[in-house]
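*Asks:* Here the sequence shown is numbered in numbering that gives the first Met the number 0, starting from 0 and rising by one per residue. Think of the CB as a built atom: it goes at the ideal place given N, C-alpha and C, for glycine as much as any other residue. It should be emphasised that the depicted structure is a prediction, and the values quoted were computed from it without experimental measurement.
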Amino acid sequence: MQPVELEPAGSGSSLCKLSNEYILSVCVPATVSLTGSSKNMIRFSTSLLLAATCLLLSTGVSAEKATTCGAHVHRLSCDTGVISVQTAMYGRADAETCSGGKTPEEIANTQCSLQGAVDTLKARCDGKKVCEVSTSIFSTDPCSDTFKYLETTYTCVAATHLITCEHSMAHLQCGDGQVIFVHGADFGRHDRTTCAYKQPSAHLEDVNCSHPTSKVADRCNGKNNCTVRASSSVLGDSCDGTYKYLELAYTCQNPVAA
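So this is what it looks like as structure tokens:
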């Protein structure tokens, strides 16, 4: 059985990130808020740590790399902050990786790469603390006669991590002069304990219910504050009969000067 290999590429746990659209000059400590009819909202902190963290920019931001052979579960995780996928390759780029027990023919094609793999991984994993996927998420096989692997590099971005139970309101808020940037949002269910209060067990069974959505980013990015209802009518429904929750992560950033 081929191993699942996780290779740390640095020890930094608080990261500042530059994007083409925004310059993040402060990093927000990772916090969690849980909202819903069964829970009082744990108010997340909007205070910004103005000191020190962006020193990382001058020394380079370290990243994690996960390599998973064949059909094994591909797992990304952040002890601090949330996942931000940087690159992803599904196929084969060399003859050494995941080559144990394989024939020369199975590892000969080192020019095999599925186009769009990074977009798929970003949609599934960005903004989460833990993300597990299998290669079944890819609809096409870039090279059927080749033994493939999935390799992802990602960083752990300091962010506000917010969970909102179905039918409740998610409240995103930044300090004065700051705007929201949503790193990722998913409306579904990934365990049987989150947002489970007084729910029948049948509504908690499907823990593989995943519905990545850009609708939160479309509505909230660039605003100082934003409210979104966690409901199927707003976000869509990929698993009818399951009681879902909205999981998202965002940072507060300085707006781009006009």
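Under three-state DSSP, which class holds D118?
*Replies:* The residue labelled residue 118 in the question sits at position 119 within the sequence shown. D118 falls in the helix class under three-state DSSP.
*Asks:* In the structure shown, what three-state DSSP assignment does E204 receive?
*Replies:* To locate residue 204, count along the sequence shown from 1; it is residue 205. E204: coil per DSSP, three-state reduction.
*Asks:* Taking C-beta to C-beta, are A169 and G126 nearer than 8 Å?
*Replies:* In the sequence shown, the residue the question calls residue 169 occupies position 170. In the sequence shown, the residue the question calls residue 126 occupies position 127. No. Outside cutoff.
*Asks:* If I measure Cβ to Cβ from L203 and keep anything under 8 Å in the same chain, skipping five residues before and after, which residues do I get?
*Replies:* By 1-based counting over the sequence shown, the position of residue 203 is 204. Only R188, R191, A195, T241, Y242 meet the Cβ criterion.
*Asks:* Out of T154, S98, A92, state which residue places its alpha-carbon closest to the alpha-carbon of L75.
*Replies:* Position 76 of the sequence shown, counted from the first residue, corresponds to residue 75. When only C-alpha atoms are compared, the closest one is T154.
*Asks:* Confirm the yes/no value for this check: CB of H73, any heavy atom of the ligand ZN, distance under 7 Å.
*Replies:* Judged by which ligands are present, the structure shown has none, so any question about the ligand ZN falls away.
*Asks:* Thinking C-beta only, is H160 closer than 8 Å to V227?
*Replies:* Counting from one through the sequence shown, the residue named residue 227 turns up at place 228. Counting from one through the sequence shown, the residue named residue 160 turns up at place 161. Not in contact: V227 and H160 (Cβ atoms no closer than 8 Å).
*Asks:* Three-state secondary structure (DSSP) at T30?
*Replies:* Sequence index remark: in the sequence shown, residue 30 carries index 31 (1-based). Reliability of the predicted coordinates at T30 is poor, the pLDDT of 39 falling under 50, and the value obtained from them is presented with this limitation in mind. Note: T30 maps to strand in three-state DSSP.
*Asks:* For a cutoff of 8 Å on Cβ pairs, would you count E95 as touching chain C?
*Replies:* The question asks about chain C, but that chain is absent: this structure has only one protein chain.
*Asks:* How is the beta strand (DSSP E) around K64 delimited, first residue to last?
*Replies:* On the sequence shown, residue 64 is found 65 positions in, with the first residue counted as 1. That run of the beta strand (DSSP E) goes 63-68.
*Asks:* For the 8 Å Cβ check, are there 3 or more pairs between the region 129-141 and the region 215-234?
*Replies:* Contact between the region 129-141 and the region 215-234 is absent, because fewer than three Cβ pairs lie under 8 Å.
*Asks:* For L247, tell me which candidate among A87, V178, A122 has the shortest Cα-Cα distance.
*Replies:* For the purposes of this step, residue 247 is identified with residue 248 of the sequence shown, where counting begins at 1. For the residues A87, V178, A122, the minimum Cα distance to L247 belongs to A122.
*Asks:* Specify the secondary structure class of V181 as computed by DSSP and reduced to three states.
*Replies:* Within the sequence shown, the letter at position 182 stands for residue 181. The answer is strand: DSSP assigns V181 an E or B state.
*Asks:* Below 8 Å on the Cβ atoms is my guess for F137 versus A116; work out the distance and round it to an integer in Å.
*Replies:* Residue mapping note: residue 137 aligns to position 138 of the sequence shown, counting from 1. Residue mapping note: residue 116 aligns to position 117 of the sequence shown, counting from 1. Contact holds; Cβ gap of about 7 Å.
*Asks:* Near C77, what residues of its chain come up, given a Cβ to Cβ distance below 6 Å and the 5 sequence neighbours on each side ignored?
*Replies:* In the sequence shown, residue 77 corresponds to position 78, counting from 1. Here the set comprises K128, C155.
*Asks:* Among R91, Y89, V72, S83, which residue has its Cα nearest to the Cα of E131?
*Replies:* Counted from its first residue, the sequence shown places residue 131 at position 132. Comparing Cα-Cα distances from E131 to each of R91, Y89, V72, S83, the minimum goes to V72.
*Asks:* Which word fits H182, buried or exposed, when buried means at least 16 other C-beta atoms lie within 10 angstroms of its C-beta?
*Replies:* Here residue 182 refers to the residue found at position 183 when the sequence shown is read from its first residue. Looking at its Cβ environment, which holds 16 or more other Cβ atoms inside 10 Å, H182 is buried.
*Asks:* Could you check whether D93 and T67 sit closer than 8 Å to each other, using their CB atoms as the reference points?
*Replies:* If you number the sequence shown from 1, residue 67 lands on position 68. If you number the sequence shown from 1, residue 93 lands on position 94. Cβ distance not < 8 Å, so T67 and D93 don't count as in contact.
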